[in-house]
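A.B. asks:
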Amino acid sequence: MVREEIDGTRTDIVTLSSFILQEQRRYNSKYHDQGSSIIREASGELSLLLNSLQFAFKFIANNIRKAELVNLIGLSGVINSTGDEQKQLDSICNDIFIQAMKTNGCIRVIVSEEEEKEILVDSSGSYAITCDPIDGSSNIDAGVSVGTIFGIYKIHPGSNGSLKDVLRSGNEMVAAGYTMYGASAHLLLTTGHKVNGFTLDSNLGEFILTHRNLSMPHFKNIYSINEGNTLYWPPKIADFIHSLKVAPEGGKPYAARYIGSMVADVHRTMLYGGLFCYPCSRGKGKLRLLYECFPMAFLCEQANGLAVNDKGERILDLTPEHIHEQSSIWLGSKGEIQKYVDYINKH
Ligand code: FDP
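What follows is the structure in structure tokens.
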């Protein structure tokens, strides 16, 4: 018998690396069990890619932790593709991410929030990746949690890697996730079969499985939105948000929680439930479809939630026309998002 605990120390922990290998084996045995005449084996390439991603996350986490000490915080004077002022930490973390993706041999196309154009990589890899290396960066100086968001696509058969491999429906993502850098680094990952959460143990230098098959509650009376924009929303949306603040008979109104860092707001929503939204202001969405909305929508649905835009259309059914396209988004507990969809359909 294997003793799982020695002097209060758990010894049965599952690391991200072992979890990825287990998933690969599960995928292979699924195809064997189905008695497929052409036995499809997972080549291990996605596992390799996920492993190189976890290296990038550890490297970024390390830089964020020491940022204040080594004076990285401050503006670098560069304006990025979407018009935001780029911080030194933004550009360093972008470089870390791109370097890790360029050298793992699995990636042919990289899209980053910090790069105006897609990056084509000369490799024989089968994947394309989209990412926001540091989301929520306007909060960095205040020590608020920020994160890296990513989405992964298998490139089209016969493609050498092109824009077409990323400008496609969100339904075609094969994996997505984010790492939130807070008191510790938290990674939420889906490969299209539920969501699992890992926490970085900085002593071991390993992401440890801490949230297996994460599932959001169906209802939770928490709403998360930048209400300062109320004047710029269509009246229907302002009315819906107002309705959340009206207490039902014998009940309580919704609680407001807004950090202003998408990863942190979504992370809370994934764990506690509720709804997070960023509607169009003056008719324009803010969050980026490809590397913010798609990965978050994929995670959310895999955790039994829903993700739609202002019109109530399912986010993953959308197809972007350009890599930095912006969208409105409503995501969170299934019951809460359905309530929004029912409201706009009725009014
Ligand atoms: P940031 O500009 O700090 O990078 O998409 C970027 C984002 O943050 C999200 O992380 C966050 O949810 C949102 O913008 C915050 O926008 P507001 O400041 O307009 O509320």
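The UniProt record's numbering applies: residue 1 is where the sequence shown begins, and numbers increase by one. Even glycine gets a Cβ: it sits at the ideal position worked out from N, Cα and C.
Between the Cα of residue 227 and the Cα atoms of 255, 216, 248 and 268, which residue gives the shortest distance?
C.D. replies: If we check each option's Cα against that of residue 227, 255 comes out closest.
A.B. asks: Check for me: the alpha helix (DSSP H) holding residue 95 runs from which residue to which?
C.D. replies: Residues 88-103.
A.B. asks: Apart from the five residues on each side of it in sequence, which residues of its chain come closer than 7 angstroms, Cβ to Cβ, to residue 276?
C.D. replies: Cβ within range, chain order: 224, 265, 266, 269, 331 and 332.
A.B. asks: Ignoring anything shorter than 3 residues or poking outside the stretch 193-236, list the beta strand (DSSP E) runs there in chain order.
C.D. replies: The stretch 193-236 contains these whole beta strand (DSSP E) runs: 196-201, 206-211 and 222-224.
A.B. asks: Once you ignore the five residues that flank residue 273 on each side, which residues in its own chain have a CB closer than 6 angstroms to its CB?
C.D. replies: Excluding positions up to five away in sequence, the list reads 216, 217, 220 and 333.
A.B. asks: For a test of your reading of the model: does the CB of residue 292 fall under 7 angstroms from any non-hydrogen atom of the ligand FDP? Yes or no.
C.D. replies: Correct: residue 292 has its Cβ closer than 7 angstroms to the ligand FDP.
A.B. asks: Please state if the CB of residue 158 and the CB of residue 147 are separated by a distance shorter than 8 angstroms.
C.D. replies: No, they are not a contact pair.
A.B. asks: Rounded C-beta distance between residue 140 and residue 89? I'm assuming under 8 angstroms.
C.D. replies: Yes, residue 140 and residue 89 are in contact; Cβ-Cβ is about 6 angstroms, under 8 angstroms.
A.B. asks: Exposed or buried, which one is residue 242 when buried takes at least 16 other CB atoms within 10 Å?
C.D. replies: Residue 242 should be labelled exposed.
A.B. asks: Please state the DSSP three-state secondary structure of residue 191.
C.D. replies: In this structure, residue 191 counts as coil in the three-state DSSP scheme.
A.B. asks: Tell whether a beta-carbon distance below 8 angstroms holds between residue 295 and residue 233.
C.D. replies: The answer is no: Cβ separation not under 8 angstroms.
A.B. asks: Taking the CB atoms as reference points, tell me whether residue 52 and residue 128 lie closer together than 8 angstroms.
C.D. replies: No, the pair does not count as a contact, with Cβ atoms beyond the cut-off.
A.B. asks: Any heavy atom of the ligand FDP closer than 7 angstroms to the beta-carbon of residue 332?
C.D. replies: Checking the Cβ of residue 332 against the ligand FDP gives no.
A.B. asks: Pull up the distance between the alpha-carbon of residue 10 and that of residue 23, whole angstroms please.
C.D. replies: Their Cα atoms are separated by approximately 22 angstroms.
A.B. asks: Going along the chain, which unbroken runs of the alpha helix (DSSP H) with 4 or more residues stay wholly within the stretch 239-272?
C.D. replies: As far as the stretch 239-272 is concerned, its whole alpha helix (DSSP H) runs of at least 4 residues are 262-272.
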